[in-house]
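Only one structure is covered here, and it is reproduced in the block below.
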Amino acid sequence: MAGDELSQAFHELLDELGAIEGKFLTADPPLDEPDILDGYRLTFSLLRVAVDAYVWGDRDNPRFVDVIGPYQKWGGDNSDAFYQLAPIAPNRSYLVTGNRGDSVYLSITVYGGPDDGHYSNRIVGTLNDRSLQFDADGNFEFMLSPGSLGTKGGLTLDADAVVALTRDYLDNPETDRRAHWRIEAIDPPGRRQDSRADLTRRLRAARTWINEQCSFIPTRVSPPNEIAEPYPVPQHAYGWSAADAAYAMGAYELESGQALIIDGTSPDCAFWNLCLWNPFLHTYDYTYERVTINGAHVSYEPDGSWRIVVSDTDPGHPNWVSTAGRSKGLIWLRWFLPAQTPQRPVCRVVNASEAGK
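Under the working numbering, think of the first position of the sequence shown as -10, with each following residue one higher.
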C-alpha cells in the first residue's frame, strides 16, 4: 500500500541519519574529540538542508532558503558568504529579482542532473555580478525559463534543470548588507499538489542526498602542511560547486608550539579567502575567533604577496588564523573570477615564537 511505502521511506530517512554516527565514531584513524562533537552537529545541518530542499521545497512555487550560516555548516562553508537554494522545474518560467547589497561577488547557478536526491552532475548556466544588470540602487531582475527570456534576459533552462543556488560574498559579513533574492513562478498552480506518493518520493530524495553528502567524509588530505596545486576555474562541475572560481586544498598537522606559515600570491579577482575546516568540510566556530581570513583583511607585502600564519596561539602576526585548539585540520582557498589560475602557495612549519616576524 502507498501508506506502507510512505512509512518505509520515513524510517529509511531516520536510519540514514543514525548511520552518520557510525561514520565518525568508527573512523580509522580515530577522530579527535572536537571532530566527533562536530559530527553530531553535522548530522542536523544535513537534515535541515535535505528537508528544505526536498521535503518542503516546491518547484511549482519556490522560495529561496538559506543553506549556509554560522549554525548551518556542511559542504565547504565559510564565514564570508550566504548561500540560498530553490528547487526548480525545467518546464516552468521564473522571475528572479533582488538587490546586491554590499556583496563584492554574487551569482546564481542552475544545476542539472537527476531529480531524485543524487548530486547534480553539471551546470546549466551561471549569472554573476559581471553579467547581471543593476540599477542605480543595486536592484536586478532576470528570467529563468525554458522558452523566451524576453527583454529581461537571464538563463535558459535545459530539460534536466533541477535547482538554483545563489552565492553572496561580503568583505565584512557581520556589518555589510547581504544580497536579497526573490524567485517567483510565472502562473503557479492555485494549490499545492500533495499526495502520499509525492511525499514518499521527497523523503527518499532527502535520504539519497544525505547519503551522498556522507560518502566522502571524514575527508583526509596527505601529506599535511602542504597545499596542492590550485584547481583552475572548472570546465565541468560536480555537485553544487561554482563555475567561476579556482580552488586549492591542503591540510595542517601541528604539534604544540608550532605554526604553519603559508606564503602565496593572489591574482586579480572579485574575492578570495582561506578557511580552516574539520574533516567534514565545515569551518570551525568563527563567532569566537578568526579561523578564516579573506583578501580584504589580509596585510600584504610590498610586492603584493601575502603570508598567512596558522597556529593555536596568536604569534603577533596580522594574518594569523587560529586552529581553535585543533592539532590537525583541512585548509581551503578559493578565488572568485580570478584573472588567471593562482600559483601554488608554499608552506613550512616553524616554532610559533618565530611566526610573528
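Glycine included, every Cβ here is placed at the ideal spot set by N, Cα and C.
Assigned secondary structure, residue i (DSSP; H/G/I helix, E/B strand, else coil)
i           : result
residue 44  : helix
residue 303 : coil
residue 24  : helix
residue 342 : helix
residue 413 : In the structure displayed, the chain extends from -10 to 346; residue 413 sits before or after that span and is not available.
residue 253 : strand
residue 347 : Residue numbering for the chain in the displayed model covers -10 to 346; residue 347 lies beyond these limits and cannot be assessed.
residue 130 : strand
residue 49  : coil
residue -3  : helix
residue 55  : strand
residue 13  : helix
residue 275 : coil
residue 71  : strand
residue 84  : strand
residue 311 : strand
residue 36  : helix
residue 296 : strand
residue 65  : coil
residue 89  : coil
residue 3   : helix
residue -9  : Its pLDDT being 49, under 50, residue -9 is placed unreliably by the model, and nothing is read from it.
C-beta contact flag for residue i and residue j at 7 Å
i           : j           : result
residue 69  : residue 158 : yes
residue 85  : residue 131 : yes
residue 336 : residue 270 : no
residue 39  : residue 240 : no
residue 334 : residue 253 : yes
residue 49  : residue 267 : no
residue 64  : residue 168 : no
residue 87  : residue 129 : yes
residue 57  : residue 153 : no
residue 23  : residue 279 : no
residue 18  : residue 276 : no
Residue i at chain B interface by Cβ criterion, 7 Å
i          : result
residue 81 : Absent from the structure is chain B; it holds one protein chain and no more.
Nonlocal neighbours in the same chain, by C-beta distance under 7 Å from residue i, ignoring five residues either side
i           : result
residue 54  : 41, 73 and 74
residue 302 : 341
residue 213 : 240, 241, 242 and 317
residue 37  : 61
residue 107 : 197 and 201
residue 221 : 235 and 330
residue 2   : 192, 195 and 196
residue 344 : 248, 250, 298, 300, 304 and 306
residue 181 : 47
Own chain, CB closer than 6 Å to residue i, minus 5 neighbours either side, in chain order
i           : result
residue 113 : 99, 101, 147 and 150
residue 264 : 67, 272, 281 and 321
residue 175 : 82
residue -2  : 189, 192 and 193
residue 9   : 32 and 203
residue 160 : 93 and 285
Own chain residues within Cβ distance below 8 Å of residue i, not counting five before or after
i           : result
residue 94  : 117, 118, 156, 157, 158, 259, 260, 325 and 326
residue 25  : 13 and 14
residue 209 : 240 and 268
residue 215 : 239, 240 and 336
Closer than 6 Å: residue i CB and nearest the ligand FAD heavy atom
i           : result
residue 321 : Judged by which ligands are present, the structure shown has none, so any question about the ligand FAD falls away.
Q: Only counting runs of 4 or more residues, tell me where the alpha helix (DSSP H) segments fall wholly within the region 155 to 239, in order along the chain.
A: Whole alpha helix (DSSP H) segments, 4+ residues: 185 to 202.
Q.
For the region -10 to 8 against the region 276 to 291, do three or more pairs of beta-carbon atoms, one drawn from each stretch, fall closer than 8 Å, so that the two count as touching?
A. Because the criterion of three Cβ pairs below 8 Å is not met, the region -10 to 8 and the region 276 to 291 do not touch.
Q: Spell out a yes or no on whether the region 303 to 320 and the region 194 to 205 are touching, meaning 3 or more CB-CB pairs, one atom from each, closer than 8 Å.
A: No, because fewer than three Cβ pairs between the region 303 to 320 and the region 194 to 205 fall closer than 8 Å, the two stretches do not touch.
Q. Quick one: any contact between the region 230 to 246 and the region 316 to 333, if contact means 3 or more CB pairs under 8 Å?
A. The answer is yes - the region 316 to 333 touches the region 230 to 246, with three or more Cβ pairs under 8 Å.
Q | Cβ contact check for the region 184 to 201 and the region 139 to 146: 3 or more pairs under 8 Å | A | With the rule of 3 Cβ pairs closer than 8 Å, the region 184 to 201 does not count as touching the region 139 to 146.
Q) Touching or not, the region 76 to 95 and the region 124 to 142, by the rule of three or more beta carbon pairs under 8 Å? A) With a cut-off of 8 Å, the region 124 to 142 and the region 76 to 95 count as touching, because enough Cβ pairs lie within range.
Q. What residue ranges within the region 91 to 156 form continuous beta strand (DSSP E) runs of no fewer than 3 residues, ordered along the chain?
A. Listed in chain order, they are 94 to 101, 111 to 117, 128 to 134 and 143 to 145.
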